[in-house]
Every structure is written in C-alpha cells, then in structure tokens.
Amino acid sequence: MTEHEVTASAADDSTALAPDSGALVPADGTASPTGASAPLAPLTSAMRARMRSFYAVLINTALANVTSSYLWFALTFWVYLETKSLLASGIIGGAYMLLVAAFGMVFGAIVDHLRKKAAMILSSVTTLATYGVAAVMFALLPESTLLDWRGGWFWIFVIIILIGSVVENMRNIALSTTVTLLVPSDRRDRANGLVGTISGIGFLVTSVFSGLSVGLLGMGPTITIAVVATGLALVHLLLISIPEPHKVRSESGRVDFRGAIPVIMAVPGLLALLLFTTFNNLVGGVFMTLMDPYGLTLFPVEVWGIVLGVTSIGFIIGGGLVAKFGLGKNPLRTLLLVNVGVAVLGMTFTAREWAWLYVLGLLIFMTLMPAAEAAEQTILQRVIPYEKQGRVFGFAMTVEVSAAPITAFLIGPIAEFIIVPYMNSDAGRDTWGWLLGEGEARGMALVFVIASVIMLIAVLLAFASRPYRQLSKAYADAPPPDPSAGDDDSSGDDGERSGGGDGEPSSQAGEQSGVPGEGVPGDSVREVL
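The opening residue of the sequence shown carries number -7 in the numbering used here; numbering runs sequentially from there.
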C-alpha cells in the first residue's frame, strides 16, 4: 500500500488534487496554497448545513465533557482533601489513565463500526448509568466508609465514577471523526482549534463549580448534579441530526479492531509521532499527579477551583488563536514547538512557592495545549482515511496515555515517601535551595523540574530526527480524506445508507429539506440497542 493509497483517493468538497502535482487546488481549478495563510474556499449550502451539524455536535460534546469533568475534578478534590494522601491521589489519576489506555482501541473500533451519533448515544447512556449507581452508593453507605481508601468500598465507588468518566472519551473520538465528516479540509485545523476553545470554556466552568460544589455542597449533591446534567446532554443529543453517507461496518458485521496499525505503518513518521507523544505523556503523568496537590498547598479548595477556572481562559485564548489563524503549513512543527514551551514552563512555574507564579504558569500552559491537541488531530485527519480514523484515533489514545498511568502510579509514592521528605530535610534544602527556594511543596517542585528537563531533551531530539522530516513531507503531500468516497470495509454490508438511494449520500436529501439528517432520533437508538 502506497502513501497516497493510505490517505485517500480523492479530495473533499472544497478541494481537488491537481493533475501531476499533488497540490491542493479549489474545485474551480484556481491555485490555492496550503497553510494558515491560504484563503478559505466559499461554503456551498450543503457545506453550511454540515457545519451547522458540526456546531451542534460540538456543543453537545462540550456539555457531556463538562459534566464528566465536573464529577471527576470533584472526586479528585474530595479524596485529597479528606485523606491528604498523595498515594491515593496518584493511584486514582493513574487508574483513570490506565482505563483510557485499555479502552482507547475499543472505543475507536466502536466509533468506526457505528454511526457517529449512535456511538455518542452509547457513551452517554453508559455514563448516565454509572453515575446513577454512584449516587445510590453515596446515599446508602456512610461517607466514612467511602473515604477509607484502604477499604474495598472506596475503590468500588471510585472505579464506578471512573468508568463513567472514561467512556466519555468515545465521544471525543467520535467528535474527531465528525470534523473530517462535516468540515471542509481547509477549515479542519480551525475547527480543531474551536474544539479547544469549547473545551476551555468547559474547563473554566468545571474548575470553578467543582471546587465550590465540594466545598459548599459536598460530594452527594455534586453526584446528583452530574446525573441530571448527563441526562440533559443525552436528551439534547437525541435531537441532533448528523448526516453520514454510509454505515461504516466490517464485512462480518462485527466490531473490527484491525486496520489501525497497518494504516499507521504506511504513513512515514506517523508511528514515531505516536511514540513521541507516548513518551511525553510518560512525563506528563507527573503533571497530572502533582498539579492539584501543589495547587491545594497554595489555595483553599474553593479558591483553587476558581484559580483553575480563571487560568482555563488560556484554553479559550489558545483555541481561539488556532481557530483564527490555523496551525501553519506544518502542524507537526507547531506541535513540537508547543512541547518546547511546556518543558521550559515546567522548569520555571514552581521555581518558587509563589501563588502568582504558579497561576501565571498554569495560564500559559493552558494557552499552549489547544495548539498541541489541534495539531495532532489535524495531522491524523489529513493522512488517515476517514473509514479508519476511529480506530487510529483510538489506537493513538491508547498508546499515548499508556505511559501516564505508570508515571502516576510511581510518582505518588516516590514523591510522598522519598522526594518530599528529602526536600524537607536539611540536606535537601542545602542542595536545592538555590534553585527552588523554601516552602512546603519544594519536593513536588523538584519533580516538576526533573520531568521537564527530560521532556525538553526528547523534543530537541525529535526535531533533529528523520521521522520528523518524513511525516512533515507525508502531510504536505497527502490529499485530504473524503468521507463520501465510500468505505472499503463496508463492501459486504447490507447496503443501507443514511438516506437516498442508488448510492446517493444522505446529504443531498438533507440539503433539499433544508435540514441535514440521518432520520429520526430513534434510528440511532435502535442501532445502539
């Protein structure tokens, strides 16, 4: 399989492949350079209808993610404040990432097997069920029993909430594929930036209300709010219409877990990108484990939630910048530059135990994150065929987060039993005081610095690597995937489509009616069931 066979056989509605050149040009044949400075092609009525569907899906996913993050943040705050155990916090954070890694490929395969809306409904129903069980447990069991992190009921309670939060990642994979499905190729980097902006708004709301909810209402009412909000998101999802021309299914009619690795291997440098991101997430596990405990040493929980909410404005700023200006001609270069910034930031924002320095560092960190996320999404949406994207996004999720649980599981006990006591000793203060100053959380600060130095070295090596040059070329040469071009895996299917007949995609019927659609909401419900 050649590189171009892997990516796609045709461009999308707004672009076509110029003969003999491989360059992208608008459908009218006029030249149009790629990159952030390229002018956007005008939208047809069908494209505008699809964009409206994309915005509706984006808003719904934001509501669902806000709810799951709200309860997840609250659980993290609640456990640390009540137990004061870095070990318990580290295990919980590691368990979350471990479940994401374990089920990433499963989620991706399900997204490819079902229509995107059906996959989202399945995710919402599962989350609603698990949160409901957690609410019943909290109502029936004494809070002291649930807070005994050495007991079984604590971990059963935590795992149930974890499952509900982790399954939301299926929605995120589905959202990434709907960008390819619904957004013209020249606007996908900006659409991915918009995803970052919406995520930032959700993070702002979540951060503020999670801290306030735990501090003022308690964990019981917090779970109840999550159950109600999840139910509302599910109802809203049922009312959304997502035009999808084909049912993407394997010939056997079963969920197909194959296909991701051969496609990834066929794109030069792509596997190296995923491995690089995996290594970075190994280092990122340190941030995941220690960011909240460090913040809670500087602020009360109610204030810390507000701090996270305020600094999450960075997500909005960063996502807005990507949505406005794009990612440039080479998103991979943008991704690596962002990682350089994160590494430098990690070496400085805890250098002194100053609240303003930590807050400023968090703001910059969150401003950088949307560009990194959008860059990786844009690369995969460009070089991977649409019908395989769910599995590839799921595989990427699995390999990228698989390292973080290792770090999270290790860094909690290492920090709590080795580094923190060492930094509180005279020997630790004498050795590192010149660099990190004095304070209660100098042990955690030392861990941040070490992890960031490792990250910086890895990024600089990646810049000089052959896979970096290969993937940059593959991205520049690849035509954008065309969702309407068909699905090789579905050749043995029953031939059903989401509308129309004789091979006509449903988007045409949607355009005639003025509403892009796939049928009544019950169609997707029946497909899930």
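C-beta atoms are modelled at their ideal positions from N, C-alpha and C, and glycine is treated no differently.
Source: prediction; values computed, not measured.
| Query | Result |
| --- | --- |
| Same chain only: Cβ atoms within 8 Å of ILE102, ignoring 5 sequence neighbours per side | ALA111, LEU114, MET162, VAL247 and GLY382 |
| Neighbour-count burial assignment, VAL128, 16 or more Cβ in a 10 Å radius | exposed |
| For GLU432, the nearest candidate out of VAL375, THR342 and ALA364 (CA to CA) | THR342 |
| Rounded separation between ARG421 and LEU438 - CA only | 11 Å |
| Rounded separation between VAL384 and ILE256 - CA only | 7 Å |
| Beta-carbon contacts of GLU392 that lie in its chain and below 6 Å, excluding the five residues immediately before and after | THR269, THR270 and ASN273 |
| Nearest-angstrom Cα separation, counted from PHE201 out to VAL314 | 27 Å |
| Nearest residue (CA-CA) to ALA388, options ILE403, PHE401, THR399 and ILE371 | ILE371 |
| contact_flag[the region 59 to 66, the region 220 to 234] where n(CB pairs < 8 Å) is 3 or more | yes |
| Collapsed DSSP secondary structure at PHE291 in the structure displayed | coil |
| ILE376 in three-state terms, based on DSSP | coil |
| Touching by the beta-carbon criterion (3+ pairs, under 8 Å), the region 353 to 372 and the region 435 to 454 | no |
| Proximity below 8 Å, CB of SER233 to CB of SER45 | yes |
| Close-in-space but distant-in-sequence residues of the same chain around GLY156 (CB under 6 Å, 5 per side omitted) | THR119, THR122 and TYR123 |
| Buried or exposed by the 16-neighbour rule on C-beta atoms within 10 Å, applied to ASN416 | exposed |
| C-alpha distance - MET283 paired with GLY85, whole-angstrom precision | 11 Å |
| As assigned by DSSP and simplified to three states, the class of ARG421 | helix |
| Same chain only: Cβ atoms within 7 Å of LEU327, ignoring 5 sequence neighbours per side | ALA364, ALA367 and GLU368 |
| In chain order, each beta strand (DSSP E) run of at least 3 residues that lies wholly inside the region 138 to 196 | none |
| Proximity of SER304 and MET358 at Cβ, strictly below 8 Å | yes |
| Limits of the unbroken alpha helix (DSSP H) element including ASN416 | Unbroken run through ASN416: none, as it is neither H nor E. |
| Whether VAL158 touches PHE95 by CB criterion (8 Å) | yes |
| Proximity of GLY287 and PHE440 at Cβ, strictly below 8 Å | no |
| Buried or exposed (CB count within 10 angstroms, at least 16 for buried), PHE146 | buried |
| Cβ-based burial, PRO471 [other Cβ within 10 Å; buried from 16] | buried |
| Same chain only: Cβ atoms within 7 Å of GLY493, ignoring 5 sequence neighbours per side | Model confidence at GLY493 stands at a pLDDT of 35, short of 50, so the residue's coordinates are unreliable and nothing is read from them. |
| ARG142 versus VAL332 - alpha carbon distance | 40 Å |
| Three-state secondary structure assigned by DSSP to VAL259 | coil |
| Among ALA264, GLU345 and LEU204, the one whose alpha carbon lies nearest that of LEU428 | GLU345 |
| At least three beta-carbon pairs within less than 8 Å, the region 461 to 469 to the region 292 to 307 | no |
| Reduced DSSP category for LEU106 - H, G, I as helix; E, B as strand; rest coil | coil |
| Beta carbon of LEU55 nearer than 8 Å to that of HIS228 | yes |
| Contact under 8 Å by Cβ, LYS108 with THR169 | yes |
| Residue closest to THR399, alpha-carbon to alpha-carbon, out of VAL275, THR390, LEU186 and VAL334 | VAL275 |
| Whole-angstrom distance between MET39 and PRO176, CA atom to CA atom | 7 Å |
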